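Visitor: Got a structure for you, questions after.
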Amino acid sequence: MSSATVILAGAVFSVTALGFVAARWGRPDLSNLEQWALGGRNFGTIVSWFLLGGDLYTAYTFIAVPALVYGVGALGFFAVPYATIAYPIALVVLARFWSVARRRGYLTTADFVRDRYGDRSLEVAIALTGVVAAMPYIALQLVGMRAVFAQFTSLGAEGSLAALTVAFVLLAGYTYTSGLRAPALIAFVKDTLIYVTVVAAVVVIPARLGGWGHVFALSEAALARRPHPTSIYLRPAQFFTYATMAFGSALSLFIYPHSITSVLAARSRGVVRRNAALLPIYSLLLGLLALLGYCAVAAGIQTRDATNVVPLLFARYFPQWFDGIAASAVVIGALVPAAIMCIGAANLFASNVFREFSSERPAVETIVAKLLTVATCACALLFVFFVPVPYAIDFQLLGGALMLQIFPAFVLGLWTRWFHPKALLAGWAGGLIASCAMAYASGFSSSYTLHLRGGSVTGLIAFYSLVLNLVVSAALTLVLGAANYAAGVDRTTAADYA
Amino acid sequence: MRRAWYALLILPFAGTLIPPLYNHAVPALFGMPFFYWYQLAWIPVTAVLLGVVVLLTRKAGDV
């Protein structure tokens, strides 16, 4: 066995032990859903910083962003404005949501929607959107892990799949046992490894290639020579695409169930607010990592599967033992968000779908959530076994567009009860259908070209669908209001949001 | 009005969502074209703006 394989195996088994030990952190009663799923809502600034960083900046992000820059040039750098403006949005939206969630005891966005609008169909729609969007996201974490197993170890394709299964069964085991405390504790290891790896990479690799000036010059020349030429600058036609990609992605980042789960685990509103200002440190890391895509272009790395760009770059410039560290960073970096995504999806299903069809018994609810977490893990694993990787990526892109369709009901709902719940439901459905249609018509791209009177404009599908969603929601609200159609009961009060 | 400080948070949007403002090579910094270092620079600037807003809009319960 290679030294990289030994280090990787050691890392996976160590964090597994950590995951099980986490059940004893603070001696909680884990049959209580708030204890199991939200760590007792008691994480301070530092734990939350590691947890949210470990949750939002997934291993797949660290593989996919440089791969995109490698593939499409400047357009791929949209991840940087995205990861910048997400935080002003987070500060405003999440602090308010945290307050009302703590006051009223919510575990999910759909809990809030039920209370705010008194409409069960809207609640179930919001919950199912989260579950559907989370599944391909979890699957992509596994794809990232598999790429690393195949690249850095002597396992081969079949062995990688076996290793993946072992890692994921262990993940299901400690998540079932310890709940959110497991990824919270493992996040410390994950983030430390990621920082070490990325800092080493952005210091060593550009220097070996003759400095940034050289990297950009070589990239510009190499991208121009490609069969489909691209550039390190945007074409004017890409301005709108770039801006909508950054803006639309930033709007949806914090409404994913895994983001919400981590945010609600914070001890206080102050913890959420402080983290909005502290988390951008991770964005800086992501931005520098994105530029490794150009390092790969400049280094002349050729690969048909862009997800291999980062592993290949590491294999070329680092000794084998450090590849083991980098591989561990990616694998553990996938396990942390995967665990939180499973918990988030299971919470939605247990609290907002299952509970609607059974009597409210908290103890049973916890068992359901725990079993559903295991079921979600199993589904994601099957997804990876049977769905080819490009489809997993397509589904994840589509999932992002679907996720954004809860924005009017959830985010705008935090400030206004003006919208009619049935109008929001219709807007949501319209946004969903439009997203699927545009995704299908564009061959599952994240953006779609609208043709208007001779001109054409390409923008993020999620963004177009959200605009349609808002228009439908507003128009129908006016119609239903004029018809005096009952608008449901709002059980929250102004004081709940303070 | 302490809430007026939140208006500072419009700056990162204005600074990053209008690509024609920064889609060029010069001035470069450490060999990095303007397009890249300008957008990277917005990350710490935004973090500082957020820090200022968080501090200046604190309420009694925000511990």
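Quick note, the sequences are listed as chains A and B, same order.
Take any residue in the first sequence, count from 1 to its spot, add 2: that is its number in the numbering used here.
Take any residue in the second sequence, count from 1 to its spot, add 337: that is its number in the numbering used here.
C-beta: ideal position from N, C-alpha, C; glycine also.
This one's a predicted model, so the numbers in the text were calculated from it and none came from an experiment.
#1: Considering only residues of the region 302–343 of chain A, which uninterrupted alpha helix (DSSP H) runs meet the minimum length of 4 residues and lie entirely inside it, listed in chain order?
#2: Measuring alpha carbon to alpha carbon, tell me which residue in A/VAL145, A/PRO423, A/VAL299 and A/THR375 is nearest A/PHE220.
#3: Is it buried or exposed, A/HIS260, if we count other Cβ atoms within 10 angstroms and call 16 or more buried?
#4: Can you tell me where the alpha helix (DSSP H) with A/SER251 in it begins and where it stops?
#5: Report the partner residues of B/LEU354 according to the DSSP bridge assignment.
#6: If the criterion is Cβ atoms closer than 8 Å, does the pair A/LEU350 and A/GLY132 meet it?
#7: At a Cβ cut of 8 Å, what residues of the region 69–84 of chain A count as close to chain B, listed as they run along the chain?
#8: Counting only Cβ-Cβ distances shorter than 8 Å, please list the residues of the region 306–332 of chain A near chain D, keeping chain order.
#9: Which stretch, first to last residue, makes up the beta strand (DSSP E) that contains A/HIS453?
#10: Restricting to Cα atoms, I'd like to know which of A/GLY432, A/LEU404, A/ASP492 and A/VAL469 is closest to A/PRO138.
#11: Please return the same chain residues whose Cβ sits closer than 6 Å to the Cβ of A/ARG493, not counting the five positions on each side in sequence.
#12: Report the residue ranges of all alpha helix (DSSP H) runs contained in full by the region 10–70 of chain A; include only those spanning at least 4 residues, in chain order.
#13: Run through chain B and tell me which residues come within less than 9 Å of A/VAL94, C-beta to C-beta.
#14: Let me see if you follow: with CB-CB separation under 8 Å, is B/MET369 close to chain A or not?
#15: Determine the direct distance from the alpha carbon of A/THR177 to that of A/ASN354, and round the result to whole angstroms.
#16: So, helix, strand or coil for A/SER270, using DSSP?
#17: Please decide whether B/LEU393 counts as near chain A, where near means a Cβ-Cβ distance under 8 Å.
#18: How long is the line joining the alpha carbons of A/VAL505 and A/ASN34, rounded to whole angstroms?
#19: Answer with yes or no whether the minimum CB distance from A/PHE218 to chain B is below 8 Å.
#20: Taking A/ALA136 as the reference, give the member of A/ASP57, A/ARG148 and A/GLY457 with the closest Cα.
#21: Under 8 Å, do A/LEU416 and A/ILE188 count as touching if we go by C-beta distance?
#22: Please determine, among B/PRO364, B/VAL382, B/THR394 and B/LEU392, the residue with the shortest C-alpha to C-alpha distance to A/ILE283.
#23: Shortest alpha-carbon distance to A/PHE170 belongs to which of A/LEU182, A/ALA141, A/THR194 and A/ALA152?
#24: Should B/MET401 be labelled buried (16 or more other beta-carbon atoms within 10 Å of its own) or exposed?
#25: Could you tell me which whole alpha helix (DSSP H) segments of length 4 or greater appear in the region 348–392 of chain B?
#26: Looking at C-beta atoms only, is the number of pairs between the region 400–414 of chain A and the region 120–128 of chain A that lie closer than 8 Å three or more?
#27: Is it true that the CB of A/ALA278 sits closer than 8 Å to the CB of B/LEU358?
#28: Under 9 Å between beta-carbons, which chain B residues line up against A/ALA524? List them in chain order, please.
#29: What is the DSSP secondary structure of A/LEU124, counted as helix, strand or coil?
#30: Scan the region 177–225 of chain A and note each continuous alpha helix (DSSP H) run of 4 residues or more that stays entirely inside, going in chain order.
#31: Which two residues bound the contiguous beta strand (DSSP E) that contains A/LEU416?
#32: What three-state label does DSSP hand A/SER458 in the structure shown?
#33: Decide yes or no for the touch test of the region 239–258 of chain A against the region 88–99 of chain A: beta carbon pairs closer than 8 Å, at least 3 of them.
#34: Can a CB atom of chain B be found closer than 8 Å to the CB of A/ARG276?
#35: So, are the CB atoms of A/LEU426 and A/SER475 less than 8 Å apart?
#36: Can you name the start and end residues of the alpha helix (DSSP H) that B/MET327 belongs to?
Guide: With the structure as the only source:
#1: Runs of alpha helix (DSSP H) with 4 or more residues, each lying fully within the region 302–343 of chain A, are found at 311–319, listed in chain order.
#2: The question names Phe, but residue 220 of chain A in the sequence shown is Leu. Cα-wise, what sits closest to A/LEU220 is A/VAL299.
#3: With 16 or more other Cβ atoms within 10 Å, it is buried.
#4: For A/SER251, the enclosing alpha helix (DSSP H) covers residues 241–255.
#5: Paired residue(s): none; B/LEU354 is not in a bridge.
#6: Taking 8 Å as the cut-off, the beta carbon of A/LEU350 is found closer than this to the beta carbon of A/GLY132.
#7: Identification of residues in the region 69–84 of chain A having a C-beta nearer than 8 Å to some C-beta of chain B yields ALA76, PHE79, VAL82 and PRO83, given in sequence order.
#8: The chain inventory of the structure shown lacks chain D, comprising the protein chains A and B.
#9: Where A/HIS453 is concerned, the enclosing beta strand (DSSP E) stretches over 449–454.
#10: If we check each option's Cα against that of A/PRO138, A/LEU404 comes out closest.
#11: Correct list, in chain order: ASP117.
#12: Fully enclosed alpha helix (DSSP H) runs of 4 or longer: 35–40 and 47–58.
#13: For A/VAL94, the neighbours in chain B by C-beta distance under 9 Å run, in chain order, TYR343 and LEU346.
#14: Under the Cβ criterion of 8 Å, B/MET369 is counted among the residues facing chain A.
#15: For A/ASN354 and A/THR177, the distance between alpha carbons rounds to 21 Å.
#16: For A/SER270, the secondary structure class from DSSP, reduced to helix, strand or coil, is coil.
#17: For B/LEU393, the answer is no, since every Cβ of chain A falls outside 8 Å of its Cβ.
#18: In the structure as shown, chain A begins at 3 and stops at 500. Residue 505 of chain A is therefore absent and cannot be evaluated.
#19: With 8 Å as the cut-off, A/PHE218 counts as an interface residue toward chain B.
#20: By alpha-carbon distance to A/ALA136, the top candidate from A/ASP57, A/ARG148 and A/GLY457 is A/ASP57.
#21: Result no, Cβ atoms of A/LEU416 and A/ILE188 do not sit closer than 8 Å.
#22: Check the Cα spacing between A/ILE283 and each of B/PRO364, B/VAL382, B/THR394 and B/LEU392: the tightest is with B/VAL382.
#23: With distances taken between Cα atoms, A/PHE170 lies closest to A/ALA141.
#24: Nothing about residue 401 of chain B can be read from this structure; chain B reaches only from 338 to 400.
#25: Complete alpha helix (DSSP H) runs here, min 4: none at all.
#26: Flag = yes, the region 400–414 of chain A and the region 120–128 of chain A touch.
#27: No, Cβ-Cβ distance for B/LEU358 and A/ALA278 is not below 8 Å.
#28: Residue 524 of chain A cannot be examined here, being either before or after the span of chain A that is shown, 3 to 500.
#29: Three-state DSSP puts A/LEU124 in a helix.
#30: If one requires a minimum length of 4 residues, the alpha helix (DSSP H) runs lying completely within the region 177–225 of chain A are 183–210, in chain order.
#31: No beta strand (DSSP E) holds A/LEU416; DSSP gives it neither H nor E.
#32: If DSSP states are grouped into helix, strand and coil, A/SER458 belongs with the strands.
#33: Enough Cβ pairs lie closer than 8 Å, so yes.
#34: Interface criterion met: the Cβ of A/ARG276 is under 8 Å from a Cβ in chain B.
#35: Yes. Within cutoff.
#36: The question about residue 327 of chain B has no answer here: the residues shown for chain B are numbered 338 through 400.
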